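Notes for the one structure printed next.
Protein chains: 2
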Amino acid sequence: MSETDASGPEDARLVALPLYKRAEEAMRARIADGRWPPGARLPNEPRLAEEFGVSHGTLRKALAALEAQGLVERRPGRGTRVARTTDEAAVYAFLRLWDTGGERVIPEPLSEALAEDTATPAEVEELALAEPRVWRLTRCRGHAGRAVSLERMVLPVARFPELGAHRPLPNSLYPFYESAFRQSVVAARDDLTAEPADAEAAAALSVAEGAPLLCAARVARNLSGEPVELRRSLYLTAGIAYRVDLSK
Amino acid sequence: MSETDASGPEDARLVALPLYKRAEEAMRARIADGRWPPGARLPNEPRLAEEFGVSHGTLRKALAALEAQGLVERRPGRGTRVARTTDEAAVYAFLRLWDTGGERVIPEPLSEALAEDTATPAEVEELALAEPRVWRLTRCRGHAGRAVSLERMVLPVARFPELGAHRPLPNSLYPFYESAFRQSVVAARDDLTAEPADAEAAAALSVAEGAPLLCAARVARNLSGEPVELRRSLYLTAGIAYRVDLSK
DNA sequence: GAGTGGTCTAGACCACAAA
DNA sequence: TTGTGGTCTAGACCACTCG
Numbered sequence: 001m002s003e004t005d006a007s008g009p010e011d012a013r014l015v016a017l018p019l020y021k022r023a024e025e026a027m028r029a030r031i032a033d034g035r036w037p038p039g040a041r042l043p044n045e046p047r048l049a050e051e052f053g054v055s056h057g058t059l060r061k062a063l064a065a066l067e068a069q070g071l072v073e074r075r076p077g078r079g080t081r082v083a084r085t086t087d088e089a090a091v092y093a094f095l096r097l098w099d100t101g102g103e104r105v106i107p108e109p110l111s112e113a114l115a116e117d118t119a120t121p122a123e124v125e126e127l128a129l130a131e132p133r134v135w136r137l138t139r140c141r142g143h144a145g146r147a148v149s150l151e152r153m154v155l156p157v158a159r160f161p162e163l164g165a166h167r168p169l170p171n172s173l174y175p176f177y178e179s180a181f182r183q184s185v186v187a188a189r190d191d192l193t194a195e196p197a198d199a200e201a202a203a204a205l206s207v208a209e210g211a212p213l214l215c216a217a218r219v220a221r222n223l224s225g226e227p228v229e230l231r232r233s234l235y236l237t238a239g240i241a242y243r244v245d246l247s248k
Numbered sequence: 001m002s003e004t005d006a007s008g009p010e011d012a013r014l015v016a017l018p019l020y021k022r023a024e025e026a027m028r029a030r031i032a033d034g035r036w037p038p039g040a041r042l043p044n045e046p047r048l049a050e051e052f053g054v055s056h057g058t059l060r061k062a063l064a065a066l067e068a069q070g071l072v073e074r075r076p077g078r079g080t081r082v083a084r085t086t087d088e089a090a091v092y093a094f095l096r097l098w099d100t101g102g103e104r105v106i107p108e109p110l111s112e113a114l115a116e117d118t119a120t121p122a123e124v125e126e127l128a129l130a131e132p133r134v135w136r137l138t139r140c141r142g143h144a145g146r147a148v149s150l151e152r153m154v155l156p157v158a159r160f161p162e163l164g165a166h167r168p169l170p171n172s173l174y175p176f177y178e179s180a181f182r183q184s185v186v187a188a189r190d191d192l193t194a195e196p197a198d199a200e201a202a203a204a205l206s207v208a209e210g211a212p213l214l215c216a217a218r219v220a221r222n223l224s225g226e227p228v229e230l231r232r233s234l235y236l237t238a239g240i241a242y243r244v245d246l247s248k
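If you're matching them up, the sequences are chains C and E in order. If you count by UniProt numbering, then the first sequence holds residues 1 to 248, one letter each, in order. If you count by UniProt numbering, then the second sequence holds residues 1 to 248, one letter each, in order.
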């Protein structure tokens, strides 16, 4: 049985791709556009193989790639489901804080402020905005009795309508983006620098102005690679570090 | 043909592992212990499959895992080789600096100092040293006409004998570790913090004492997971950032 | 017991690289 | 031309989950 997104040689863009790659991209597209929403169960392997016109082994190679990227979850005897950002592993993927004792750190919310505003030209560029209205969310979070981070988020109003109706916002924003606005964050880039504390950060984190803070400037993206959120986090790295594991 | 490291069910520790995993671990062991040194060419797939007593497809699944981890390189028509740390991709894996223009930054050496010393108790612990003699290597590197990093490395003398005979050391240390001392770095963990510049860093980087610097505290490990190098890099993040790509 | 994903095989054919 | 890795198939059997 032929499928529009697993089309044959008539599609010039896909004709050079191996079958397993075509099946992978077809399934990725279904997840990205919502035909297979987070949590949805996929047809079983024989069905998918028949649908895409490939063998069992080829279809499994495509599914293995999606699983490796954290897009689907497979369990023997249970089936294959579209992964949710809610899952613990996905939350930790974007929260890289560890304390000196070797334990993960999850800061708790201390305060938040939300306002609607017009994006700066740089923000319009970075968020690829067609319409310059954005939310500005500022959040202070703490750990072990003291404030450790000041985060300033920029969110397109077009992607997050009525964000103000959901306050106070939950501690974990990405699962909330997914469940409330169908905006799944699956990738992010952090540019890390050391910055002197400005007046607002100094007050929020109880340090002197000019004290060294770790700054993480983030662009968070969805499955289609579209920017969804800008975030500038300032961390007071006393007893806490931003951990990065590197490998060949 | 049977192999000691691809043994049959008589090996209780491995009996539960699937065949592709056993083949993968057997090959990983050969790379780790030097039977297959960096750059060495592996037997072709049919030979390996016969040697491990598995089918073509199963053997390929094991090789694919090693390739994904950057341990081997495979090229159609050419064969499979053990990857070298020298390869460009491997060097960049541990150098995460980008400038604001979106270009990679590779700092050039400005000065270096090397001394033999006794490791602190913390260093003995982190490097799992049986013998406390270490090299202390301090290096200052620059980019675009100004000093941008001050790096302090700690290397076990037992792993790096006669390190002093190789001065001046090359800019890329990890390929040098591999070629000169058979010490391949395949993984590292950076703990990032913001620190005020001490007197030495302030002088080396031409900033005021107390100025914010990005500090990367690294433990670099070989294929067996053994710590090979401790490194504390201080970066002047003016026009430069430490970039991290995160994904589910 | 029915249905799911996980493993493994044996063989075919292809594209690529080097002698 | 020879040998390499890359793709794909058809079918088998297993382990797990759940009703």
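All C-beta atoms, glycine included, are put in the ideal place defined by N, C-alpha and C. Because the structure is a prediction, the values reported are computed rather than measured.
Exposed or buried, residue i, counting other C-beta atoms within 10 Å across all chains shown (16 or more means buried)?
i                      : result
E/A93                  : buried
C/S55                  : exposed
C/P46                  : exposed
E/A68                  : exposed
E/I31                  : buried
E/I240                 : buried
E/L155                 : buried
C/L17                  : exposed
C/N222                 : buried
C/K248                 : buried
residue 265 of chain C : Outside the displayed span of chain C (1 to 248) sits residue 265 of chain C, for which this structure offers no information.
C/P212                 : buried
C/R167                 : exposed
C/R159                 : buried
C/T193                 : buried
E/T4                   : In this predicted model, E/T4 has a pLDDT of only 37, less than 50, meaning its place in the structure is not dependable; the value taken from the coordinates is given anyway. Counting Cβ neighbours within 10 Å, E/T4 comes out exposed, since fewer than 16 surround it.
C/E162                 : exposed
C/P38                  : buried
Among the options, whose alpha-carbon lies nearest the alpha-carbon of residue i?
i                      : options                       : result
C/A187                 : C/N171, C/V148, C/S224        : C/S224
C/V82                  : C/L205, C/R146, C/D33         : C/D33
C/A62                  : C/A158, C/L137, C/R28, C/A130 : C/R28
C/S206                 : C/A238, C/R133, C/T85         : C/A238
E/D191                 : C/T85, C/A49, C/L97           : C/L97
C/L48                  : C/L59, C/A40, C/P38           : C/L59
C/S111                 : C/A40, C/D99, C/P38, C/A147   : C/A147
C/E200                 : C/D245, C/N44, C/A119, C/S149 : C/S149
E/P78                  : E/E51, E/D99, E/A40           : For the record, residue 78 of chain E in the displayed sequence is Arg; it is not Pro. Looking at the Cα atoms, E/A40 is the closest of the given residues.
residue 250 of chain E : E/L236, E/G53, E/V72, E/E50   : Any property of residue 250 of chain E remains undetermined from this structure, which presents chain E solely from 1 to 248.
With a threshold of 8 Å on Cβ separation, who are the neighbours of residue i within its own chain once the five nearest residues in sequence on each side are excluded?
i      : result
E/E126 : V219, P227, L230
E/A208 : A197, A202
For residue i, which residues in the same chain have their Cβ closer than 6 Å to its Cβ, ignoring the five residues on either side in sequence?
i      : result
C/S172 : V91
C/A65  : E24
C/T138 : A113, R152
C/P109 : R141, N171
C/R189 : V219
E/Y174 : T85, V185
C/D99  : V105, G239, I240
To which residues does DSSP link residue i through a beta bridge?
i                      : result
E/V72                  : E/V82
residue 251 of chain C : Examination of residue 251 of chain C is not possible in this model, given that chain C is present from 1 through 248 alone.
C/T193                 : C/C215
C/T118                 : C/R133
C/A241                 : C/W98
C/A187                 : C/R221, E/S247
Return the chain-ordered list of same chain residues with a C-beta closer than 7 Å to the C-beta of residue i, the five sequence neighbours on each side being excluded.
i      : result
E/L95  : I106
C/G164 : L114
E/P76  : none
C/G210 : P196, A197
E/V157 : E116, R133, V134, W135
E/L169 : E112, F176
Go through the region 125–182 of chain E residue by residue and report every complete run of the alpha helix (DSSP H) that reaches 4 residues or more, in order. 173–181, all fully within the region 125–182 of chain E.
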